[in-house]
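Going by our numbering, the letters in the sequence shown line up with residues 29 to 316, in that order.
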Amino acid sequence: MTSLDRHTVLASDGALLAAYVRRPSEATAPDAPTVVLAHGWTLTHRSWHRVVDALDDGVRVVLWDQRGHGESTLAGGRHRSSGESVGRLGQDLREVIAALVPDASPLVLAGHSMGGMTVMAYSGTATPEEIDRVRGVVFCSTAAGGLRGTGLPGEQKIMRALSRLPFRGRPGRLIRDKRQREYLFGADARDEDVALTTALTGGVSLITYGAFYGALMKHDEVAALARLEHTPTTVIVGGRDKLTPKVLARRIHEEMPHAQLKVLDDRGHMVPLEEPEVVVGAIEQYLG
Numbered sequence: 029m030t031s032l033d034r035h036t037v038l039a040s041d042g043a044l045l046a047a048y049v050r051r052p053s054e055a056t057a058p059d060a061p062t063v064v065l066a067h068g069w070t071l072t073h074r075s076w077h078r079v080v081d082a083l084d085d086g087v088r089v090v091l092w093d094q095r096g097h098g099e100s101t102l103a104g105g106r107h108r109s110s111g112e113s114v115g116r117l118g119q120d121l122r123e124v125i126a127a128l129v130p131d132a133s134p135l136v137l138a139g140h141s142m143g144g145m146t147v148m149a150y151s152g153t154a155t156p157e158e159i160d161r162v163r164g165v166v167f168c169s170t171a172a173g174g175l176r177g178t179g180l181p182g183e184q185k186i187m188r189a190l191s192r193l194p195f196r197g198r199p200g201r202l203i204r205d206k207r208q209r210e211y212l213f214g215a216d217a218r219d220e221d222v223a224l225t226t227a228l229t230g231g232v233s234l235i236t237y238g239a240f241y242g243a244l245m246k247h248d249e250v251a252a253l254a255r256l257e258h259t260p261t262t263v264i265v266g267g268r269d270k271l272t273p274k275v276l277a278r279r280i281h282e283e284m285p286h287a288q289l290k291v292l293d294d295r296g297h298m299v300p301l302e303e304p305e306v307v308v309g310a311i312e313q314y315l316g
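Given below as structure tokens:
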């Protein structure tokens, strides 16, 4: 990935959020737009690397590891769950923006999977001024709700148990490339993309797996989409996405008929890795 400056953002509940900024290649005005990228469940900011590398190098880019993921902690700087919610992730996004983006800079927000839900939660509690600041939104492989029943039999009980573990274990080698390729990717996945995804998902604590699984099952931000009714938006989904299937993308589009809907027939859930050019094109149309 392009060189990034590392920052730590202290969230209002004491979580320490590892954040990263790609500075523009040349000095830009404070009112130049900033792209903010939110990653998905059990991933880290590194899952955006193909998009960051392909974005125009004159654009400021801000990323962070969602709480409990990568180098970020949970509330109070701990690694134990105190009850996670998508709403809290939306507030984290707000605090990352406040800490790292110039006040005069308009925003383009892009979220993948749980990151898309993060953007929805942010929008649902945003002030009119915060909404006006957003030039465009890109939702990749995500849902506004309706995730109950999409997992494997017995998965919910297992995840609840993981969230209560007294130790910070990681799945590590239990996560295998073959399983990730079959479940998260579409046709012709690059070996290096599968390997990266396996490494990222294997490095997240089991507590985070369980705690955020519960948050995602409760997630319902349909009402928040109305806050973006005048915000240019693109919804991207892989036609072979098993985690957030295209029916969920179509539901977002039904709530946001002004949005562009792009269904990538042969792709899976990991669209930012599988089709970075499509994601970059969607983002850059809003930089204008």
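Just so you know, even glycine gets a beta-carbon here, dropped at the ideal spot from N, CA and C.
In this text the structure is predicted, and so the values were computed from the model without any measurement.
Between the alpha carbons of Val165 and Thr146 lies a gap of roughly 12 angstroms.
In terms of Cβ geometry, Asp120 and Pro58 do not form a close pair [threshold 9 angstroms]. Assigned with DSSP and collapsed to three states, Asp293 falls in coil, not helix or strand. Around the beta-carbon of Ala254, fewer than 16 other beta-carbon atoms lie within 10 Å, marking it exposed. Pairwise C-beta distances place the region 227–241 out of contact with the region 264–283, as fewer than three of them are shorter than 8 angstroms. Gly68 counts as buried, since at least 16 other C-beta atoms from the protein chains shown sit within 10 angstroms of its C-beta.
With a contact defined as Cβ atoms closer than 8 angstroms, Val124 and Trp92 qualify at about 5 angstroms. Residue pairing by DSSP places Arg163 opposite no residue, since no beta bridge is assigned to it.
By the C-beta criterion, the region 87–102 is judged to be in contact with the region 47–55, since at least 3 inter-stretch pairs fall below 8 angstroms. Annotation: Ser100 to Ala43 spans about 7 angstroms, alpha carbon to alpha carbon.
Cβ-Cβ distances below 8 angstroms link Val307 to Val79, Ala138, Val166, Cys168, Ile264, Val299 and Pro300 in the same chain, with the five nearest sequence neighbours on each side left out; the list follows chain order. Per DSSP, Gly267 lies in no alpha helix (DSSP H) and is assigned neither H nor E.
For Gln288, the pairing in a beta bridge is given by DSSP as Thr262.
According to the DSSP assignment, Val250 belongs to no beta strand (DSSP E) but to the alpha helix (DSSP H) extending over Val250 to Leu253.
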